[in-house]
Amino acid sequence: PTSRVCRLILSEGDQLSGLTVDRYDDWLLVQWTSRALAARGDVILPALQARLQPRGIWVRTERGIGELEGLEVADGLVQGEPPPRPLFVVENGLRFGVDVIEGQKTGFYFDQRDNRAAFARYVAGRRVLDAFCYTGGFGLAALQLGQAEHATCVDSSATAVETARANAELNGLLSRCEFIKSDVAPYLEAAADRDERFGAIVLDPPKMARTRGGLDRAAKGYVRLNRLAIGRLEPGGILATCSCSGLVTRDDFLDILSRAALEAGRVLQVLEQRGQASDHPVSVHCRESDYLECVIARVV
Numbered sequence: 224p225t226s227r228v229c230r231l232i233l234s235e236g237d238q239l240s241g242l243t244v245d246r247y248d249d250w251l252l253v254q255w256t257s258r259a260l261a262a263r264g265d266v267i268l269p270a271l272q273a274r275l276q277p278r279g280i281w282v283r284t285e286r287g288i289g290e291l292e293g294l295e296v297a298d299g300l301v302q303g304e305p306p307p308r309p310l311f312v313v314e315n316g317l318r319f320g321v322d323v324i325e326g327q328k329t330g331f332y333f334d335q336r337d338n339r340a341a342f343a344r345y346v347a348g349r350r351v352l353d354a355f356c357y358t359g360g361f362g363l364a365a366l367q368l369g370q371a372e373h374a375t376c377v378d379s380s381a382t383a384v385e386t387a388r389a390n391a392e393l394n395g396l397l398s399r400c401e402f403i404k405s406d407v408a409p410y411l412e413a414a415a416d417r418d419e420r421f422g423a424i425v426l427d428p429p430k431m432a433r434t435r436g437g438l439d440r441a442a443k444g445y446v447r448l449n450r451l452a453i454g455r456l457e458p459g460g461i462l463a464t465c466s467c468s469g470l471v472t473r474d475d476f477l478d479i480l481s482r483a484a485l486e487a488g489r490v491l492q493v494l495e496q497r498g499q500a501s502d503h504p505v506s507v508h509c510r511e512s513d514y515l516e517c518v519i520a521r522v523v
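Note that the working numbering has the sequence shown beginning at 224, numbered continuously upward.
This is the structure:
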C-alpha cells in the first residue's frame, strides 16, 4: 500500500514467517514471533533502516509469544529515536492518537481499516454501540463517515476508554459520544435489564482461541457475546461482528452466528462477509494467515 501508516510485512502472508513490521509514518514497529527470525535481527534491522530510512525502529514482543517461542529479545528502541506518545495517524479522514509502545498489538488495528469504512455505510441516523472500542475506530468512523446519530464506546480498559475519548475530541465528535468502562457482556446484560436497544452494534473482541484446545471455549464465548448483542438490536438493526482467531474458520464463525441468532430468537441476514485489509495478505499455504472474520448482518 502507498499509505505511510500500514503493515509492511505480515509474517507468513509475506513469506517471512515470524516477522511483522508496521509503518507509522516515520517509525517502524517490529514484532518477532519466531526464534529463527529473531536470531537474524542483526541482518534484518539494518536492512529495514537502509531501505526505508525511518526516524526510529522499535521492537515489541506480543504477550505470551516470548515464552512460547523461547525468545530472548528485549523490547525497546533498536535504531534512531523513540516514537512520540501519542503518535498521530490518519485513517479514512479521521485522526487517531495511538500509543505504539504500550498500546494493543503495535498500537493500532490496521487490519480493520476497510471494515470500519464498510460498517459506516449502514449506520446513518442510528445509535451505535462500539463494543471493545479500544481507540474508538468503529464508533468514530460511524459518526464521521456514516453520519450515525450517536456512538456509545465500551471497553474494559480505562486506558482504551480515555484514548477513544481523546480521539473523539481530536475529531470534533465528543458531543455525539458516550464512553463507558465495562466488560462488554455485563454491559449488554445490563442494557437488556433496562430494555435499551441500538440501531447498530459492532463486536471486535480480542483473540479468543490461541490454540486448538481452546476452540470449544472460544466458540461458547463468541456465541454468548453475539447472542447478547443480537438481543439489543432494534428490528432491522445492523450487527458487525468480528473474530481475529485464525483457528476459527469462516464456516465456524457463521455456525457461531447461527447459534447465537437462534438462542436470541432472531433472524440474521448476512449482508457482507469481509476479512483483513489488503496490507495483510493471506498465504494459501498457511490458512491461519486468513485470520480475520468480519460479518456485517441485519437483524430482523
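Virtual Cβ for every residue (Gly too), placed ideally from N, Cα, C.
Because the structure is a prediction, the values reported are computed rather than measured.
What residues in its chain sit with their C-beta under 8 Å from that of residue i, if we drop five residues either side in the sequence?
{"i": "residue 514", "result": "467, 468, 469, 499"}
{"i": "residue 193", "result": "Coverage of the chain is limited to positions 224 through 523, which leaves residue 193 absent and any answer about it impossible."}
{"i": "residue 490", "result": "484, 522, 523"}
{"i": "residue 313", "result": "228, 319"}
{"i": "residue 175", "result": "A question about residue 175 goes unanswered here, because the residues of the chain that appear run from 224 up to 523."}
{"i": "residue 505", "result": "236, 498, 499, 512, 513"}
{"i": "residue 305", "result": "279, 281, 324"}
{"i": "residue 348", "result": "370, 371, 372, 422"}
{"i": "residue 397", "result": "388, 391"}
Is the separation between the beta-carbon of residue i and that of residue j shorter than 9 Å?
{"i": "residue 523", "j": "residue 492", "result": "yes"}
{"i": "residue 358", "j": "residue 321", "result": "yes"}
{"i": "residue 371", "j": "residue 423", "result": "yes"}
{"i": "residue 277", "j": "residue 255", "result": "no"}
{"i": "residue 518", "j": "residue 495", "result": "yes"}
{"i": "residue 407", "j": "residue 377", "result": "yes"}
{"i": "residue 239", "j": "residue 260", "result": "yes"}
{"i": "residue 425", "j": "residue 463", "result": "yes"}
{"i": "residue 361", "j": "residue 335", "result": "yes"}
{"i": "residue 394", "j": "residue 497", "result": "no"}
{"i": "residue 323", "j": "residue 298", "result": "no"}
{"i": "residue 253", "j": "residue 266", "result": "no"}
{"i": "residue 503", "j": "residue 333", "result": "yes"}
{"i": "residue 449", "j": "residue 477", "result": "no"}
{"i": "residue 284", "j": "residue 301", "result": "no"}
{"i": "residue 474", "j": "residue 442", "result": "no"}
Quick one: residues in its chain with C-beta nearer than 6 Å to the C-beta of residue i, no 5 flanking neighbours on either side, listed in chain order?
{"i": "residue 427", "result": "355, 465"}
{"i": "residue 237", "result": "none"}
{"i": "residue 444", "result": "431"}
{"i": "residue 225", "result": "With a pLDDT of only 46 at residue 225, under 50, the local geometry of the prediction cannot be trusted, and no value is derived from it."}
{"i": "residue 482", "result": "446"}
{"i": "residue 379", "result": "406"}
{"i": "residue 384", "result": "378, 402, 404"}
For residue i, list the residues DSSP reports as bridge partners.
{"i": "residue 320", "result": "311"}
{"i": "residue 247", "result": "228, 250"}
{"i": "residue 375", "result": "352, 401"}
{"i": "residue 361", "result": "In DSSP, residue 361 forms no bridge with anything."}
{"i": "residue 283", "result": "254"}
{"i": "residue 299", "result": "282"}
{"i": "residue 517", "result": "465, 497"}
{"i": "residue 242", "result": "255"}
{"i": "residue 233", "result": "243"}
{"i": "residue 266", "result": "Residue 266 is not bridged to any residue."}
Excluding the 5 residues flanking residue i on each side, which residues of the same chain have their C-beta closer than 7 Å to its C-beta?
{"i": "residue 509", "result": "235"}
{"i": "residue 409", "result": "none"}
{"i": "residue 246", "result": "227, 228, 229, 231"}
{"i": "residue 538", "result": "Lying before the first or after the last residue shown, residue 538 is absent from the chain, which here runs from 224 to 523."}
{"i": "residue 420", "result": "455, 456, 457"}
{"i": "residue 435", "result": "470"}
{"i": "residue 411", "result": "451, 452, 455"}
{"i": "residue 309", "result": "320, 321, 322"}
Requested in this report: Inspect the CB distances between the region 399 to 415 and the region 371 to 388 and report whether three or more fall short of 8 Å.
Outcome: The region 399 to 415 makes contact with the region 371 to 388, as at least three CB pairs between them are under 8 Å.
Query raised in the report: Should the region 257 to 276 be regarded as contacting the region 322 to 331, the criterion being three or more beta carbon pairs within less than 8 Å?
Result: No: the two stretches stay apart, fewer than three of their Cβ pairs being nearer than 8 Å.
Query raised in the report: Can you find at least 3 beta carbon pairs, one from the region 446 to 464 and one from the region 405 to 416, that sit closer than 8 Å?
Result: Yes, since at least three Cβ pairs between the region 446 to 464 and the region 405 to 416 fall closer than 8 Å, the two stretches touch.
Report task. Please specify which runs of the beta strand (DSSP E), each continuous and at least 3 residues long, are wholly inside the region 393 to 440, giving them in chain order. Result -> Correct list: 400 to 404, 421 to 426.
Query raised in the report: What alpha helix (DSSP H) runs, 4 residues minimum, are completely inside the region 452 to 504?
Result: Counting whole runs of 4 or more residues, the region 452 to 504 contains the alpha helix (DSSP H) stretches 473 to 487.
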